[in-house]
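Visitor: In my numbering, each number is its position in the sequence shown, counted from 1, plus 1133.
Right, I'll just put the structure down here and ask away after.
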Amino acid sequence: MDFSLSTEERQIRDTVRAFVEKEVMPLEPEVLRNERAGQPGVPADVLRELRLKAKRMGFWGINTPEEYGGAALGPIMSAIIAMEMGRTFVPFTFGGSADNILYAGNEEQKRRYLIPTIEGERRSCFAITEPGAGSDARNIRTRAVRDGSEWLISGEKTFITGGSEADFVMVFAVTEPYGVTCFLVDRDMGWKSEPIPTMGEWGPASLVFEDVRVPEENILGELGKGFELAMEWIGQGRYMIPARAIGSAERMLGMAVDYAKIRKSMGQAISEYQAIQWMIADSQVEIEAAKWLTLYAAWQVQEGMDARHASSIAKLNGAVMANQVVDRVLQIHGGMGYTKELPIERWYRELRLLRIFEGTDEIQRRTIARNLLKGHARLGAIGE
Ligand SMILES: Cc1cc2nc3c(=O)[nH]c(=O)nc-3n(C[C@H](O)[C@H](O)[C@H](O)COP(=O)(O)OP(=O)(O)OC[C@H]3O[C@@H](n4cnc5c(N)ncnc54)[C@H](O)[C@@H]3O)c2cc1C
């Protein structure tokens, strides 16, 4: 068993770390100012420039196949890069990526949707959740009815990330009697979006479809096979959520360690008190545990294994860990932690989402328990 990174992996990790420290972290005060004024944290032109700078350094399409111009670094490296990117709350990601299920498209769909998305010319969103169907995704009511060589889609989607900005949506609708089908629907075909204010800094949107007319050739994958695509989309990067959270938690724990050494109370630094030391120790233990559970899930994906069980464990653990760590870090900072002078409250609001989207804590627990109860996963397994 070898836990070490190869020389190349270490070099990539160090380069991303340096990029984040030198190019991204300096934007943090401006991001806080912009967001607090109700503006996007990073203006579009700054984001574009930053992405191009990263591209010149080779960071473009981290997980995109080489034939599409990507770096195809694989799941383990993607997880390590996400940990580095998570060290800052600046909403920055490398360019050159597209949703995994767009690769299921035919050549024409790849030309119209996949490639422009990789190039950054088009923006997608993924819409399965509805007001009456979240965790219970099989209960969606949005309908598509055939009308000659076209389909008429009607229904409402909610909490759709990027729904206000996207110019096309991968929307899931019931197509009787075949089951659920995924359609690629351009905004100018007639769907409308409405932003949903949330406690986080970026808001999802609700999408409304009223007899939106979509040609048959816009079916992604096969008629009636949409649910499998939806699960593939959700499953693709479940380990990426805890990966990013690990970076955030480590950065914040570093802030707490520094603060505890300089903040004095009752004649000595608060770092001298066991109450504070235990919060620091527990946080590091939980971060380390999350790191290895996440890398284990990424390794399973890389090896082509069925990583669903390991990914659910990593996602549940990482989401809970990040929320516990940010809460302790805020506590160690006392009143200052609660102010807007520090970014802790921002992280606190953002990280809370991790326990809800892409499968709530409860749904991960349900998956883990059912896998064990039904024998899909077994106790005592190591590296298999
Ligand atoms: C900011 C944000 C962005 C999102 N982005 C997207 C997106 O891009 N695309 C998309 O399609 N969706 C998106 N979602 C939706 C998200 O995936 C759902 O909110 C999530 O799956 C939970 O569904 P729900 O909100 O309907 O809660 P519900 O399913 O109504 O759950 C309510 C509570 O009941 C619990 N619960 C439900 N069923 C069970 C069960 N069987 N056993 C035990 N407990 C249960 C839940 O865990 C939760 O605590 C986003 C949500 C948010 C908040």
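By construction, the Cβ of each residue, glycine as well, lies at the ideal position given by its N, Cα and C atoms.
Which residues in the same chain as residue 1415 place their Cβ atom closer than 6 Å to its Cβ, once the five residues preceding and following it in sequence are excluded?
Guide: Around residue 1415: no qualifying Cβ.
Visitor: Answer yes or no: the CB of residue 1275 versus the heavy atoms of ligand 1, is any distance below 7 Å?
Guide: Not so, every heavy atom of ligand 1 lies at least 7 Å from the Cβ.
Visitor: Roughly how many angstroms lie between the CA atoms of residue 1164 and residue 1173, to the nearest whole one?
Guide: Spanning the two alpha carbons is a distance of roughly 8 Å.
Visitor: Taking 7 Å as the cut-off, does the CB of residue 1381 come closer than this to any heavy atom belonging to ligand 1?
Guide: It does not: the Cβ of residue 1381 is nowhere closer than 7 Å to a heavy atom of ligand 1.
Visitor: Answer yes or no: the CB of residue 1330 versus the heavy atoms of ligand 1, is any distance below 7 Å?
Guide: No - ligand 1 has no heavy atom lying nearer than 7 Å to the Cβ of residue 1330.
Visitor: Can you determine whether any heavy atom of ligand 1 sits closer than 7 Å to the C-beta of residue 1506, and answer yes or no?
Guide: Residue 1506 Cβ: outside cutoff for every heavy atom of ligand 1.
Visitor: By the 10 Å Cβ neighbour count, where 16 or more other Cβ atoms means buried, how is residue 1345 classified, buried or exposed?
Guide: The residue in question, residue 1345, is buried, as its Cβ has 16 or more Cβ neighbours within 10 Å.
Visitor: Start and end of the alpha helix (DSSP H) containing residue 1162?
Guide: It spans 1161-1169 - the alpha helix (DSSP H) in which residue 1162 sits, taken as one unbroken run.
Visitor: If the criterion is Cβ atoms closer than 8 Å, does the pair residue 1458 and residue 1402 meet it?
Guide: No, the pair does not count as a contact, with Cβ atoms beyond the cut-off.
Visitor: My output table needs one value for residue 1297: the three-state DSSP class, helix, strand or coil.
Guide: Coil at residue 1297, not helix or strand.
Visitor: Pull up the distance between the alpha-carbon of residue 1205 and that of residue 1444, whole angstroms please.
Guide: Using only the alpha carbons, I get a separation of about 20 Å.
Visitor: Measuring only the C-alpha atoms, how far is residue 1210 from residue 1376?
Guide: Computed Cα separation, rounded: 11 Å.
Visitor: Answer yes or no: do residue 1466 and residue 1392 have a C-beta to C-beta separation smaller than 8 Å?
Guide: Contact: yes.
Visitor: Buried or exposed: residue 1282, going by 16 or more other Cβ atoms within 10 Å of its Cβ?
Guide: Under this definition residue 1282 is an exposed residue.
Visitor: Apart from the five residues just before and just after residue 1512, which ones in its own chain have a Cβ nearer than 8 Å to its Cβ?
Guide: So the qualifying residues of the chain are 1505.
Visitor: So, at 7 Å on beta carbons, what are the nonlocal neighbours of residue 1486 in its own chain, with the 5 sequence-adjacent residues on each side left out?
Guide: Excluding sequence neighbours, residue 1486 sits near 1333.
Visitor: In chain order, what residues of the same chain have a beta carbon less than 8 Å from the beta carbon of residue 1426, not counting five sequence neighbours either side?
Guide: 1375, 1443, 1446, 1447, 1450 and 1451, listed in sequence order.
Visitor: May I ask which residues mark the beginning and end of the beta strand (DSSP E) holding residue 1312?
Guide: Its beta strand (DSSP E) spans residues 1312-1319.
Visitor: For the stretch 1239-1249 against the stretch 1308-1315, are there 3 or more C-beta pairs whose distance is under 8 Å?
Guide: The stretch 1239-1249 is not in contact with the stretch 1308-1315.
Visitor: Are there any heavy atoms of ligand 1 lying less than 7 Å away from the beta-carbon of residue 1321, as far as the coordinates show?
Guide: False, no ligand heavy atom lies under 7 Å from that Cβ.
Visitor: Relative to ligand 1, is the shortest distance from any of its heavy atoms to the C-beta of residue 1262 smaller than 7 Å?
Guide: True, at least one ligand heavy atom lies under 7 Å from that Cβ.
Visitor: Hey, quick one: how far does the beta strand (DSSP E) through residue 1325 stretch, first residue to last?
Guide: That run of the beta strand (DSSP E) goes 1325-1328.
Visitor: Within a Cβ cutoff of 7 Å, which residues of the same chain sit near residue 1482, ignoring the five residues on either side of it in sequence?
Guide: Once the five neighbours on either side are set aside, the close Cβ partners of residue 1482 are 1332 and 1333.
Visitor: What are the boundary residues of the beta strand (DSSP E) that includes residue 1279?
Guide: Taken as a continuous stretch (DSSP letters only), the beta strand (DSSP E) holding residue 1279 covers 1276-1280.
Visitor: If you measure between the beta carbons of residue 1277 and residue 1316, is that distance less than 8 Å?
Guide: Cβ atoms of residue 1277 and residue 1316: closer than 8 Å.
Visitor: For residue 1257, which of 1232, 1267 and 1350 has the nearest alpha-carbon?
Guide: Ranking the options by Cα distance to residue 1257, first place goes to 1232.
Visitor: Can you give the beta carbon distance from residue 1160 to residue 1175, rounded, assuming they're within the 8 Å contact cut?
Guide: Indeed, because the Cβ distance is near 6 Å, the residues count as touching under 8 Å.
Visitor: Can we count residue 1268 as close to ligand 1, meaning its CB is less than 7 Å from some heavy atom?
Guide: Yes, the Cβ of residue 1268 comes within 7 Å of a heavy atom of ligand 1.
Visitor: Taking the C-alpha atoms as reference points, what is the distance between residue 1428 and residue 1372?
Guide: Going by the C-alpha atoms only, they are around 8 Å apart.
Visitor: If we ignore side chains and look at the alpha-carbon of each, how far apart do residue 1354 and residue 1237 end up?
Guide: About 6 Å.
Visitor: Just grab the DSSP bridge partners of residue 1285 for me.
Guide: Residue 1285 is bridged to 1278 and 1346.
Visitor: Count Cβ pairs between the stretch 1247-1266 and the stretch 1404-1413 that sit closer than 8 Å; are there 3 or more?
Guide: Cβ pair count under 8 Å is below three, so no.
Visitor: Do residue 1479 and residue 1222 have their C-beta atoms within less than 8 Å of each other?
Guide: Cβ atoms of residue 1479 and residue 1222: closer than 8 Å.
Visitor: For the beta strand (DSSP E) containing residue 1260, name the first residue and the last one.
Guide: Residues 1257-1260.
Visitor: In whole angstroms, what separates the C-alpha of residue 1298 from that of residue 1400?
Guide: For residue 1298 and residue 1400, the distance between alpha carbons rounds to 53 Å.
Visitor: So for residue 1473, helix, strand or coil by DSSP?
Guide: Three-state result, residue 1473: coil.
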